[in-house]
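Chains as they are written, first to last, in our numbering: chain A, 11 to 324; chain B, 11 to 324. All C-beta atoms, glycine included, are put in the ideal place defined by N, C-alpha and C. Okay, structure first, notes after.
Protein chains: 2
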Amino acid sequence: MKCKACGGKAAVNMPQHKLALCAEHYLQWVPEQTARFIKKYWMFGPDERVLVAVSGGKDSLSLWDILIRLGYQADGLYIGLGIDEGIGYSSESRRLCEAFAQKHGQKLIVVDVEEQYQSSIPVLAQKGARGQVRPCSVCGVVKRHEMNRIAADLGYDVLATGHNLDDEAATLFGNTLNWHKELLLRQRPVLPGHNGLARKVKPLCRFYEKEMTAYALLRDIEYIYDECPFSVGSTSIYYKELLNQLENQRPGAKLAFYVKYLAAREDGLFAEETERNQATFGELRDCDRCGQPTTHTGLCAFCRLVSRDENGKQ
Amino acid sequence: MKCKACGGKAAVNMPQHKLALCAEHYLQWVPEQTARFIKKYWMFGPDERVLVAVSGGKDSLSLWDILIRLGYQADGLYIGLGIDEGIGYSSESRRLCEAFAQKHGQKLIVVDVEEQYQSSIPVLAQKGARGQVRPCSVCGVVKRHEMNRIAADLGYDVLATGHNLDDEAATLFGNTLNWHKELLLRQRPVLPGHNGLARKVKPLCRFYEKEMTAYALLRDIEYIYDECPFSVGSTSIYYKELLNQLENQRPGAKLAFYVKYLAAREDGLFAEETERNQATFGELRDCDRCGQPTTHTGLCAFCRLVSRDENGKQ
């Protein structure tokens with residue numbers, strides 16, 4: 011297999027794009043494509059300050075690396091969740107984020123949930139009915155809240171996350187299997203900023219997971235190989251496996267599923283504009299404690315979570 | 011496993027409905043459910059004349075059987091496609107339809123495509139680029155045209171087909187993977203009559219394929235076991251297999267996928283009403299030869315097909 015750009019030996023073969031590239035050209039191609047997606051989906055401009063949420067995994071560290079290479083003002087945000095599970099998951103992921111920041115001379119902001127709120131994610135999950143089986147939903151609430159809080163406090167315009175195509179396609183697949191209207195309408199590469207919240211963007215949303223693995227390996231990025239121990243057996247991993255089967259049978263099917271969804275929306279498939287969005291935003295209030303938008307009266311989901319006592323009562 | 015109705019030994023277990031029934035109660039339950047779906051989706055009333063398209067398979071013969079048991083005026087329509095493929099597929103399926111009609115004292119209308127148009131489906135498929143690999147798309151055009159023609163000529167109000175849940179879910183899955191807007195908006199249990207065409211209905215659309223197999227077996231309906239030899243390896247069979255995997259993992263997932271799609275449409279997920287439908291219907295013309303609606307100028311797809319010469323030219 012030869013590199014399409016130089017005819018040299020290909021390092022990465024991508025049948026989904028009918029494209030093979032050598033290491034050098036692959037490491038050029040990925041940032042070029044990222045820059046293209048950032049423009050195509052109106053994610054952010056060259057003067058905006060970007061905060062990249064990094065977990066220590068290949069996707070988010072690669073995203074940070076790419077944005078730095080593209081010349082953006084991108085700082086990192088690491089949120090310590092206090093997950094150990096016998097493999098020191100959080101401490102190892104923090105170490106890797108700090109090592110990356112140091113190596114590249116970049117600023118990393120660290121928030122430790124346990125220090126800040128006197129509870130790790132597993133402890134918070136134990137407190138309420140929500141997330142008792144698996145703390146992922148609690149973890150989602152906490153991460154979203156902390157990302158919003160830090161971005162607002164420190165004046166970032168944009169929050170960037172490392173969601174790749176496999177993540178986005180699996181989410182879309184789940185929302186489609188259940189025809190979950192609100193979630194189907196919410197899934198976009200860009201979520202506009204609103205009411206003091208930074209804009210949220212997913213610059214890697216069109217890269218296959220294996221493309222990001224190849225990028226991280228070829229760029230010598232040290233990342234945590236383990237998935238979060240709580241994600242094992244999750245629905246989203248099951249959906250990823252089903253989509254991988256489809257992809258193996260028909261290379262490009264996963265990308266087509268996601269990209270055609272975006273195109274169909276653009277083309278007016280859904281009854282989404284004006285009324286519905288206004289209705290959704292119209293229902294948002296400010297949380298009484300933290301001020302972040304919420305659909306609840308009184309406290310938002312996060313503030314209710316951290317103010318629970320050990321019996322799950324407010 | 012016990013029958014939920016009488017406590018006797020269950021013959022059919024349906025984890026997807028958390029329901030097990032003995033043979034007697036299962037054979038009551040299927041028509042009751044069918045009657046419920048006919049009403050729920052406004053398919054037809056007791057005074058309307060129904061033409062059931064029968065292929066000799068378990069679904070369409072079971073549908074005919076159910077409609078007869080429910081007291082509807084339902085005649086059968088068999089369309090001979092001239093498919094042999096070494097197993098006498100069409101002649102055997104015709105024999106089974108005729109045997110069913112005779113056994114139940116019902117009227118069966120037989121159309122033979124080869125007699126009528128001097129070409130079997132495999133021959134028609136050879137004539138043009140369309141369907142040369144697999145004649146399924148040509149077959150679809152021919153069956154649709156002939157069903158419409160007979161229903162109009164003989165004054166039937168309604169055309170009923172035996173599509174089951176597995177068929178509908180696989181179609182929906184394919185249309186969703188490709189976000190095919192027009193097809194997504196066209197898939198309903200009822201397609202309203204239009205411009206001289208009979209209303210089209212799918213009364214079995216909420217029954218699992220295995221539920222129809224159980225019905226046909228318990229009712230001693232003799233049906234053709236073979237799938238059409240041309241359907242082997244088709245995309246829709248591949249989608250059915252993927253959905254079966256999902257169903258095995260999560261009983262009820264297939265039904266939820268289809269039913270939630272219908273519910274989300276009712277709930278206004280899609281921008282489908284008024285303008286779009288008017289635009290679609292507005293583009294329809296009458297075929298110059300047969301008069302059936304078509305989006306083409308001049309001849310419809312069917313008339314172009316049967317008027318081709320052996321080199322595929324008109």
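query, result
"Best match in A:195, A:256, A:177 for proximity to residue 70 of chain A [C-alpha to C-alpha]", "A:177"
"Three CB pairs or more closer than 8 Å across the region 191-200 of chain B and the region 234-242 of chain B", "no"
"Boundaries (first-last residue) of the beta strand (DSSP E) holding residue 20 of chain A", "Run containing residue 20 of chain A: none; DSSP gives neither H nor E here."
"Minimum Cβ-Cβ distance from residue 186 of chain A to chain B less than 8 Å", "yes"
"Close-in-space but distant-in-sequence residues of the same chain around residue 56 of chain A (CB under 8 Å, 5 per side omitted)", "81, 82"
"Three-state class that DSSP yields for residue 247 of chain A in the structure shown", "helix"
"Residue 98 of chain B versus residue 89 of chain B - alpha carbon distance", "15 Å"
"Of the listed residues A:122, A:220, A:164, nearest to residue 67 of chain A (C-alpha basis)", "A:220"
"Residue 123 of chain B to residue 188 of chain A span [Cα, whole Å]", "41 Å"
"Residue 252 of chain A at chain B interface by Cβ criterion, 8 Å", "yes"
"Residues that residue 180 of chain A contacts on chain B, provided the C-beta gap is smaller than 7 Å", "Residues of chain B passing the Cβ test: none, with the nearest at roughly 13 Å."
"Residue 163 of chain B versus residue 243 of chain A: straight-line alpha-carbon distance, rounded", "57 Å"
"Positions along the region 257-271 of chain A whose CB lies within less than 8 Å of some CB in chain B", "259, 263, 266, 267, 270, 271"
"Proximity test, Cβ basis, 8 Å: residue 279 of chain B and chain A", "yes"
"Residue 304 of chain B, DSSP secondary structure in three states", "strand"
"Partner residues on chain B for residue 88 of chain A, Cβ-Cβ distance less than 8 Å", "Here the premise fails: no neighbours, minimum Cβ distance about 35 Å."
"Per-residue contacts from residue 26 of chain A into chain B (C-beta, under 9 Å)", "Going along chain B, no residue has its Cβ under 9 Å from residue 26 of chain A, so there is no contact; the nearest lies around 15 Å."
"Among B:146, B:108, B:85, B:75, the one whose alpha carbon lies nearest that of residue 93 of chain B", "B:146"
"Per-residue DSSP class, three states only, for residue 54 of chain B", "coil"
"Residue 293 of chain B classed as buried or exposed, judged by whether at least 16 other C-beta atoms fall within 10 angstroms", "exposed"
"Contiguous beta strand (DSSP E) assignments of at least 3 residues, all confined to the region 156-234 of chain B", "168-170, 209-211"
"Coil, strand or helix - residue 69 of chain B by DSSP", "helix"
"Where the beta strand (DSSP E) containing residue 119 of chain B begins and where it ends", "118-122"
"Residues, ordered as in the chain, of the region 185-210 of chain A that lie near chain B by beta-carbon distance below 9 Å", "186, 187, 188, 189, 190, 191, 194, 195"
"Contact set for residue 348 of chain B: own chain, Cβ-Cβ below 6 Å, skip 5 residues either direction", "No answer is possible for residue 348 of chain B: the residues shown for chain B start at 11 and end at 324."
"Spatially closest choice to residue 153 of chain A from A:312, A:248, A:226, by CA coordinates", "A:312"
"Within-8 Å CB hit, residue 248 of chain B to chain A", "yes"
"Unbroken beta strand (DSSP E) run spanning residue 97 of chain B, endpoints", "Careful: residue 97 of chain B lies outside any beta strand (DSSP E) and carries neither H nor E."
"From B:125, B:175, B:51, B:232, residue whose alpha carbon lies closest to that of residue 105 of chain B", "B:232"
"Selection from B:169, B:65, B:180 that minimises the alpha carbon distance to residue 149 of chain B", "B:65"
"Chain A within 8 Å of residue 274 of chain B, Cβ atoms only", "yes"
"Cut-off 8 Å between Cβ atoms - residues of its own chain near residue 158 of chain A, not counting five sequence neighbours on either side", "169, 207, 208, 302"
"Contact set for residue 25 of chain A: own chain, Cβ-Cβ below 7 Å, skip 5 residues either direction", "261"
"Simplified DSSP state of residue 311 of chain B, which is helix, strand or coil", "helix"
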